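The listed protein sequences derive, respectively, from chains A and B. Position 267 of the first sequence, counting from 1, maps to 248 under my numbering, and the rest follow consecutively. Position 251 of the second sequence, counting from 1, maps to 281 under my numbering, and the rest follow consecutively. See structure below.
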Amino acid sequence: MEPAAPPRPDSPDPIVEIRKLWSVFQMPERRLVIHKDLDLTVQRGEVLSIVGGSGSGKTVLLRQILGLERPWRGQVRIMGQPVSQLSSRGASSRIGMLFQHGALFSAFTVLENVAFPLRELKTLPRRLIVEAAMVKLQMVGLKPADADKMPSELSGGMIKRAALARALIMDPPLLLLDEPTAGLDPDSSDGFVNLLRSLHRDLALTVIMVTHDLDTLFELSTRIAVLADQRVIVNARPREVVAFRHPFVENFFLGERGQRAMELLREYPFAI
Amino acid sequence: MATPDLTPRLDPAPAAPGQAVRLLGEWTAAQFGRPNVLRQLLRTLPRGRGHQPWDLRDAALLDHVGAQLLWDHWGHRWPQQLELLPAQRAVLERVAEFTATRPRRKRASLWNLYLAFGALLLRAFDHMKGFVQLIGQLTIDLRELVRAPHQAPWRDFSGHLYRIGATALPITALVGGLIGVVLAYLTAQQLRQFGADAYIVDILGIALVRELGPMLGAILIAGRSGSAITAQIGVMRVTDELDAMRVMGISHTYRLVMPRAMALSIAMPLISAWTTVAGLIGGMIAADLSLGISPLFFVKALPDAVRVSNLVLGLSKSVVFGILIALVGCHFGLRVQPNTQSLGQGTTASVVTAITVVILVDALFAILFSNVGI
Chain A
-18 MEPAAPPRPD
-8 SPDPIVEIRK
2 LWSVFQMPER
12 RLVIHKDLDL
22 TVQRGEVLSI
32 VGGSGSGKTV
42 LLRQILGLER
52 PWRGQVRIMG
62 QPVSQLSSRG
72 ASSRIGMLFQ
82 HGALFSAFTV
92 LENVAFPLRE
102 LKTLPRRLIV
112 EAAMVKLQMV
122 GLKPADADKM
132 PSELSGGMIK
142 RAALARALIM
152 DPPLLLLDEP
162 TAGLDPDSSD
172 GFVNLLRSLH
182 RDLALTVIMV
192 THDLDTLFEL
202 STRIAVLADQ
212 RVIVNARPRE
222 VVAFRHPFVE
232 NFFLGERGQR
242 AMELLREYPF
252 AI
Chain B
31 MATPDLTPRL
41 DPAPAAPGQA
51 VRLLGEWTAA
61 QFGRPNVLRQ
71 LLRTLPRGRG
81 HQPWDLRDAA
91 LLDHVGAQLL
101 WDHWGHRWPQ
111 QLELLPAQRA
121 VLERVAEFTA
131 TRPRRKRASL
141 WNLYLAFGAL
151 LLRAFDHMKG
161 FVQLIGQLTI
171 DLRELVRAPH
181 QAPWRDFSGH
191 LYRIGATALP
201 ITALVGGLIG
211 VVLAYLTAQQ
221 LRQFGADAYI
231 VDILGIALVR
241 ELGPMLGAIL
251 IAGRSGSAIT
261 AQIGVMRVTD
271 ELDAMRVMGI
281 SHTYRLVMPR
291 AMALSIAMPL
301 ISAWTTVAGL
311 IGGMIAADLS
321 LGISPLFFVK
331 ALPDAVRVSN
341 LVLGLSKSVV
351 FGILIALVGC
361 HFGLRVQPNT
371 QSLGQGTTAS
381 VVTAITVVIL
391 VDALFAILFS
401 NVGI
């Protein structure tokens, strides 16, 4: 079901389109090829999870989408435009990124962190900035009293929430998550997954996430892309991915750990 | 392809009283960020509150910042007549729900200032206590070193000796040499007036060997290595390495502080001798050029002008300076809190304190040994 959403400029292009991407790291004595002719397309409104073994280049792929790394060959397009040609101005109204450890600016309070992208526009009045930041803070489930805390005073779950509020402050249509539930206890992990689900629905976000956590994977994803052999071997709905014949997929989903999480497939059929 | 006008604006603008107000364009933070867009928009917003019918349906986009702007303009109330899309209503409802007045921050009163001053004093005491503890712990660790010298961290020691000592040689030579030149030129001017040209050897010799060589070396090393020590140990705190070390039962002072203090206590007198020599060479050249005192005469006259006790005093001062710089650097490094702000503050405080302490101790030496060697 297409969620009710504020109208976005309707371009027919997929929100992220990666064509023939090569990621290569130059080492002193050898060349390390991470991605080889990798193709990936993400449509609007999807929650795409990228899974793969360690070292398969999941985080590198996120960094390519963000424009933090330049492709060695090939192209990454965001909403029809090559990433390399996008200006840094307005970047936070295009993509929000939640880094694995939050990456909150430790010298700022939570409120200053969340308001930072707005303040850097240099045109908005102070009162509006503070109010907009307070709204986002409460949308991610933080209390107004948390606004003046420093990041070092926050728990892991609160850091993720504050970082999410900062990523969403300019309502970007695309949200990238790197291990959103890593390092959280099961309770706050569940809370965070619920928050992500409701934000995805309410804000009509397209979400791309890298995760190892099978619970999160099955609860949120509408599609799963499996990275192996330096490319995306399958990009499909969870049920189809689980049925895919590949040693990595079988090991990842059908191992003991995977079996437990698969129970969720039956519990949360709407996720599929 | 013609690009549609995305500038957020009203129709009609400025809104006439009583007439319906239509929103056009993208009401988003990205649009408000463009120069002059917001100022233009605020000017055209109708003055009277809530009496106009509002029509939001033609706005291409309305994000939370745009909704916040409207909500503030409406005085945190829904207008009487409002036409909008369901999605826009959802955004506005979220803004309405979460717009809260932020708890006021406490203002600075006289009492708070008094409390802040007290906290400052307590913190200063705490620093003193920590520093004394560090010295005490180091003494205990030295006993360990004497008991089992083969188990001491000698590799660390030699590494620090190289990084703190050997790599500082070029910069200290440059600074020392230039100060020697400046000093020689300045004194040469005065001495020429009295015809006491030959005394330049005494002045340069005493000043450089006894005071300037050790001081310049110490200040340079405090800035160069004191900050590095604080930053190294501070980063180890930020990344939990200090805790990891403690869990393994290894003492911070034994493994981190002692090798640095030992390395500096050996490197510092050597560097101060090196700086002194560079200063003397600089002074010698300048004396030759300005007063015509030949380097040969300078070298011959120097042992008579400067007694050996001056050299001993200068070098033993340097040992104390070296140990102090290492201890101050380690002290501030160990007190860094695990965040970037604290790391920066700690490093700054470490350099400032190290230089201040060096100068204070130098003054102490000057008073205590005022009748030695002169």
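By construction, the Cβ of each residue, glycine as well, lies at the ideal position given by its N, Cα and C atoms. Quick caveat, the model's predicted, so the values are computed rather than measured.
*Can you have a look at Met8/A and say buried or exposed, based on whether 16 or more other CB atoms are within 10 angstroms of its CB?*
As a working note, residue 8/A is residue 27 in the first sequence. Met8/A comes out exposed.
*chain B beta carbons: is any one of them nearer than 8 Å to that of Lys130/A?*
Counting from 1 along the first sequence, the entry for residue 130/A is found at position 149. Taking Cβ atoms only, chain B never reaches closer than 8 Å to Lys130/A, which makes this a no.
*asked:* Can you find the residues in the same chain that come closer than 8 Å, C-beta to C-beta, to Arg212/A, ignoring five residues on each side of it along the sequence?
replied: As a first step, residue 212/A must be located in the first sequence, where it is residue number 231. The answer, listed in chain order, is His16, Lys17, Asp18, Leu19 and Asp20.
*Exposed or buried, which one is Leu15/B when buried takes at least 16 other CB atoms within 10 Å?*
Summary: the structure shown does not reach residue 15/B, with chain B confined to residues 31 through 404, and so no result is reported for it.
_Backbone CA spacing between Arg0/A and Gly247/B [nearest angstrom]_ = Within the first sequence, numbered from 1, the residue matching residue 0/A stands at position 19. Within the second sequence, numbered from 1, the residue matching residue 247/B stands at position 217. Roughly 59 Å separates the two Cα atoms.
*Can you give the Cα-Cα distance for Leu262/A and Leu250/B, rounded to whole angstroms?*
Since the displayed chain A opens at -18 and closes at 253, residue 262/A lies outside it and no answer follows.
*asked:* Here's a check: name, in chain order, each residue in its chain whose Cβ is nearer than 6 Å to the Cβ of Leu86/B, leaving out the five neighbours to either side.
replied: The residue you call residue 86/B lines up with position 56 of the second sequence. So the list reads Leu53, Leu114 and Gln118, once near-sequence residues are dropped.
*Under a Cβ-count criterion, where at least 16 other Cβ atoms within 10 Å of its own Cβ denotes burial, should Arg11/A be classed as buried or exposed?*
As a working mapping, residue 11/A is identified with position 30 in the first sequence. Exposed: under 16 other Cβ atoms inside 10 Å.
*Please specify which runs of the alpha helix (DSSP H), each continuous and at least 4 residues long, are wholly inside the region 284 to 361 of chain B, giving them in chain order.*
288 to 321 and 325 to 335
*asked:* Could you give the first and the last residue of the continuous beta strand (DSSP E) run that contains Asp85/B?
replied: The sequence position of residue 85/B within the second sequence is 55, counting from 1. It spans Pro83 to Asp85 - the beta strand (DSSP E) in which Asp85/B sits, taken as one unbroken run.
_What does the Cβ neighbour count give for Thr269/B, buried or exposed, with the cut at 16 atoms within 10 Å?_
One-based indexing of the second sequence puts residue 269/B at position 239. Its Cβ having fewer than 16 others within 10 Å, Thr269/B is exposed.
*Anyone know if the C-beta pair for Trp57/B and Pro38/B falls short of 8 Å?*
Position 27 of the second sequence, counted from the first residue, corresponds to residue 57/B. Position 8 of the second sequence, counted from the first residue, corresponds to residue 38/B. Yes, the pair counts as a contact, with Cβ atoms nearer than the cut-off.
_Let's test the definition: count the other Cβ atoms within 10 Å of the Cβ of Asp171/B and tell me whether it reaches 16, buried, or not, exposed._
For the purposes of this step, residue 171/B is identified with residue 141 of the second sequence, where counting begins at 1. With 16 or more Cβ atoms within 10 Å of its Cβ, Asp171/B is classed as buried.
*asked:* Does the structure place the region 329 to 339 of chain B close enough to the region 374 to 390 of chain B that three or more beta carbon pairs sit under 8 Å?
replied: no
*How long is the line joining the alpha carbons of Lys124/A and Leu156/A, rounded to whole angstroms?*
Working through the first sequence from its first residue, we reach residue 124/A at position 143. Working through the first sequence from its first residue, we reach residue 156/A at position 175. If you take the alpha carbons of Lys124/A and Leu156/A, they lie about 23 Å apart.
_His361/B at chain A interface by Cβ criterion, 8 Å_ = To locate residue 361/B, count along the second sequence from 1; it is residue 331. For His361/B, the answer is no, since every Cβ of chain A falls outside 8 Å of its Cβ.
*In angstroms, rounded to a whole number, what distance separates the CA positions of Gly83/A and Ser372/B?*
For the purposes of this step, residue 83/A is taken as the residue at position 102 of the first sequence. For the purposes of this step, residue 372/B is taken as the residue at position 342 of the second sequence. Between Gly83/A and Ser372/B, the C-alpha separation is close to 19 Å.
*C-alpha distance - Ala(-15)/A paired with Gly55/A, whole-angstrom precision*: Taking the first residue of the first sequence as position 1, residue -15/A is located at position 4. Taking the first residue of the first sequence as position 1, residue 55/A is located at position 74. Note that Ala(-15)/A scores 32 on pLDDT, short of 50, meaning its location in the model is unreliable; the coordinates nonetheless yield the value given after this. If you take the alpha carbons of Ala(-15)/A and Gly55/A, they lie about 35 Å apart.
_Can you list, in chain order, the residues of its chain with a C-beta nearer than 8 Å to that of Asp201/B? Leave out the 5 residues immediately preceding and following it._
Here residue 201/B refers to the residue found at position 171 of the second sequence. Looking at the sequence itself, residue 201/B is Ile, so the reference to Asp does not match. Cβ neighbours of Ile201/B beyond the five flanking positions: Leu250 and Arg254.
_CA-to-CA distance, Pro65/B to Gly105/A, given in whole angstroms_ = In the first sequence, the residue the question calls residue 105/A occupies position 124. In the second sequence, the residue the question calls residue 65/B occupies position 35. Reading the sequence as shown, one finds Leu at residue 105/A and not Gly. Answer to the nearest angstrom: the Cα atoms are 10 Å apart.
_Trp108/B (DSSP reduced to helix, strand or coil)_ = By one-based count along the second sequence, residue 108/B stands at place 78. Correct three-state label for Trp108/B: coil.
*asked:* Quick check on DSSP: helix, strand or coil for Arg240/B?
replied: Counted from its first residue, the second sequence places residue 240/B at position 210. Helix, per DSSP.
_Within-8 Å CB hit, Pro42/B to chain A_ = To locate residue 42/B, count along the second sequence from 1; it is residue 12. Closer than 8 Å: no.
*Look up Glu113/B in the DSSP assignment and give the residues it is bridged to.*
Counting from 1 along the second sequence, the entry for residue 113/B is found at position 83. In DSSP, Glu113/B forms a bridge with Asp85/B.
*Since Gly281/B sits in a beta bridge, which residues does DSSP pair it with?*
For this step, residue 281/B is matched to residue 251 along the second sequence. The residue you asked about is not Gly; residue 281/B is Ser in the sequence shown. DSSP lists no partner for Ser281/B.
*Establish whether the CB of Pro125/A and some CB of chain B are separated by less than 8 Å.*
By one-based count along the first sequence, residue 125/A stands at place 144. Chain B contact via Cβ: present.
*Report the neighbours of Leu364/B on chain D: residues whose CB is nearer than 7 Å to its CB, in chain order.*
The structure shown contains no chain D; its protein chains are A and B.
_Taking the alpha helix (DSSP H) that Phe224/B belongs to, which residues open and close that run?_
In the second sequence, counting from the first residue as 1, residue 224/B sits at position 194. Phe224/B -> alpha helix (DSSP H) spans Leu199 to Phe224.
*Note down, in chain order, every chain A residue with its Cβ under 8 Å from the Cβ of Val162/B.*
Position 132 of the second sequence, counted from the start, is the residue given in the question as residue 162/B. Correct list: empty, because the minimum Cβ distance to chain A is about 28 Å.
*Which residues bound the beta strand (DSSP E) around Gly61/A?*
Along the first sequence, one-based indexing puts residue 61/A at 80. Counting along the chain, Gly61/A falls outside any beta strand (DSSP E), and DSSP gives it neither H nor E.
_Within chain B, the residues that Met78/A reaches when beta carbons sit closer than 7 Å_ = Here residue 78/A corresponds to residue number 97 of the first sequence, with the count starting at 1. The contacting residues do not exist; Met78/A stays about 16 Å from chain B at best.
_Is it buried or exposed, Phe6/A, if we count other Cβ atoms within 10 angstroms and call 16 or more buried?_
In the first sequence, the residue the question calls residue 6/A occupies position 25. Result: exposed.
*Would you list the one or two residues that DSSP bridges to Phe399/B?*
To locate residue 399/B, count along the second sequence from 1; it is residue 369. Partner(s): none; Phe399/B has no beta bridge.
*Cα-Cα, which of Ser68/A, Glu27/A, Ile150/A and Glu112/A is closest to Glu127/B?*
As a working note, residue 127/B is residue 97 in the second sequence. Comparing Cα-Cα distances from Glu127/B to each of Ser68/A, Glu27/A, Ile150/A and Glu112/A, the minimum goes to Glu112/A.
*Roughly how many whole angstroms lie between the Cα atoms of Val388/B and Ile355/B?*
Taking the first residue of the second sequence as position 1, residue 388/B is located at position 358. Taking the first residue of the second sequence as position 1, residue 355/B is located at position 325. Distance between the alpha carbons of Val388/B and Ile355/B is about 8 Å.
*Is it right to say His190/B is buried, meaning 16 or more other beta carbons lie within 10 angstroms of its own, or is it exposed?*
Against the second sequence, residue 190/B aligns to sequence position 160. Per the 10 Å Cβ criterion, buried.
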